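This report refers to the structure that appears directly beneath it.
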C-alpha cells in the first residue's frame, strides 16, 4: 500500500500528468459540447450489447497478431513465441490504460527483463520499432479507406502531419539501426563533456536501445512485420464494426478503418491514461462526418472506448497474476520513469 501511495504522489507531481489532464478535459469538453445528450442516452439504452462479446473477442485475436509481430522484432534478441509474448503484450496495454504518458511500454520492457532476462533498453528499442511501423501501416490503411468514403478532405491535415512525424521518426530510427558505427562515433563526441561515469551509462543505454532495433535492417522482416500489423488493424477495425452493429449503424467497413486511424492517431495528443478524451472526440467526428446522428455517434464512441479499456485491464491483471507479478511490482518502473519528468 505504501508503494502504491508513493506512486500516486509521484504521478501527481508530474507535469506530464497535468498536461494530460488538461488535454482530456479539453477534448471531453469539445465532445460533449457538440453532443445531443438526449440522443446519447437513448442510444446507450437501446443498444444491443450482445455484439460486445464477439467484438471484444476480435480485439484479443488482433492482439495475437501483434504479439507475433513483436516476436519477429525480438528475434535477434531471443526466440520467444507468441505464447510467451502475448501475456506481456496485454499487460503492457493494460498498463497504458491505467497510467499516463503511455508508461505501459516501460512496464512491458520491465516484465520482459524480469521474466526472460532481456535488456530493458533493448526491449524498448523493439517497442519503438513496433510503434513506428504500426503507425505507418495504420496511416496507409486509413488514407486508403478515406478515399473510398469521401473523407480524404476531412483527414488531409491530420494525415499530412502524422505522415511527416511518423515517417521522419521511422527514417531516423532506420538510419540509426543501419549505421550503428556512425551513431556510436557521433555519440562519443557528444558525450565527451560529461563525467565519465555518466557518459558510460548513457552510451550503454543507447547501444542497448539500438540493439533492440536491429530487425529494421532486414527488408524481408519489415515486410512480415508490416503484414502482421495490417492484419491486426483490420481485425481491430472489425471490432469497431461489430460495436457499430450494436448501435444499428449501417456504415461500410471502410468507415471503421478511417475511424480506427483517426481515433488511434488522436490519442497521441497528451491526455490521461487510455487516451480518454481524444479517442471519443475523434471517433465521434468521423461518424458525424458520414451522416450518423450526433447522439448515436457519441454513444458509440463511449461504448467502444469502454470495451477497449475495461476487458484489457481485467485480462492484463489476470496475466500479471499468472506470471506471479504484483501490480505494485509491475508498475514500479513507471514511477521511476515519472520521477524523471517531475517539476
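In our numbering, the protein residues as written are 1094 to 1436.
The beta-carbon is built from N, C-alpha and C at its ideal position, and this holds for glycine as well.
In this text the structure is predicted, and so the values were computed from the model without any measurement.
Beta-carbon within less than 7 Å of residue i's beta-carbon, same chain only, minus the 5 sequence neighbours each way: which residues are those?
i            : result
residue 1362 : 1116, 1371
residue 1230 : 1319, 1322, 1323, 1326
residue 1190 : 1366, 1367, 1402, 1405, 1406
residue 1357 : 1231
residue 1098 : Note on residue 1098: pLDDT 46, under 50, position unreliable in the model; the coordinate value appears next. Contacts found: none.
residue 1154 : 1328
residue 1164 : 1173, 1174, 1175, 1178
residue 1127 : 1387
residue 1273 : 1303
residue 1256 : 1232
Among the residues of its own chain, which have a CB less than 6 Å from the CB of residue i, if the five just before and after it don't count?
i            : result
residue 1141 : 1339
residue 1206 : 1213
residue 1301 : 1212, 1214, 1215
residue 1166 : 1219, 1222, 1223, 1308
residue 1120 : 1370, 1371, 1374
residue 1151 : 1328, 1331, 1332
residue 1408 : 1183
residue 1313 : none
residue 1292 : 1284
DSSP three-state label for residue i, please.
i            : result
residue 1309 : helix
residue 1346 : helix
residue 1389 : helix
residue 1129 : coil
residue 1279 : helix
residue 1243 : coil
residue 1314 : helix
residue 1381 : helix
residue 1256 : helix
residue 1417 : coil
residue 1273 : helix
residue 1437 : Lying before the first or after the last residue shown, residue 1437 is absent from the chain, which here runs from 1094 to 1436.
residue 1167 : coil
residue 1290 : helix
residue 1362 : coil
residue 1212 : coil
residue 1370 : coil
residue 1340 : coil
residue 1285 : coil
residue 1195 : coil
residue 1172 : coil
residue 1450 : What the structure shows of the chain is the stretch from 1094 to 1436, and residue 1450 is not part of that stretch, so it cannot be assessed.
residue 1227 : helix
Pick from the options: whose alpha carbon is nearest that of residue i?
i            : options                : result
residue 1168 : 1143, 1262, 1233, 1311 : 1311
residue 1238 : 1415, 1345, 1120, 1408 : 1345
residue 1182 : 1295, 1220, 1319       : 1220
residue 1412 : 1273, 1396, 1187, 1230 : 1187
residue 1337 : 1379, 1266, 1191, 1322 : 1379
residue 1303 : 1276, 1402, 1255, 1150 : 1276
residue 1144 : 1414, 1397, 1417, 1415 : 1397
residue 1114 : 1193, 1294, 1410       : 1193
residue 1132 : 1164, 1264, 1388, 1290 : 1388
residue 1278 : 1267, 1296, 1265, 1264 : 1296
residue 1135 : 1150, 1155, 1269, 1341 : 1341
residue 1254 : 1414, 1399, 1129, 1359 : 1359
residue 1149 : 1399, 1234, 1235       : 1399
residue 1317 : 1347, 1162, 1200       : 1162
residue 1233 : 1244, 1252, 1217       : 1252
residue 1236 : 1408, 1199, 1347, 1126 : 1347
residue 1129 : 1414, 1381, 1415       : 1381
If you drop the 5 nearest sequence neighbours on each side, which residues of the same chain put their C-beta closer than 8 Å to that of residue i?
i            : result
residue 1124 : 1370, 1373, 1374, 1377, 1391, 1394
residue 1157 : 1175, 1179
residue 1417 : none
residue 1287 : 1295
residue 1269 : 1276, 1303, 1306
residue 1171 : 1209, 1211
residue 1195 : 1189
residue 1443 : Absent from the model: residue 1443. The displayed extent of the chain is 1094 to 1436, so no value can be given.
residue 1289 : none
residue 1415 : 1180
Under 8 Å by Cβ, that's how I've got residue i and residue j pegged, so tell me the actual separation to the nearest angstrom.
i            : j            : result
residue 1209 : residue 1173 : 7 Å
residue 1308 : residue 1222 : 6 Å
residue 1215 : residue 1305 : 4 Å
residue 1228 : residue 1259 : 4 Å
residue 1225 : residue 1185 : Not really, about 16 Å apart at Cβ, beyond 8 Å.
residue 1242 : residue 1385 : Not a contact, Cβ separation roughly 12 Å.
residue 1299 : residue 1283 : At roughly 10 Å, the Cβ-Cβ gap does not stay under 8 Å, so residue 1299 and residue 1283 are not in contact.
residue 1147 : residue 1335 : 6 Å
Should the stretch 1347–1360 be regarded as contacting the stretch 1320–1338, the criterion being three or more beta carbon pairs within less than 8 Å?
yes
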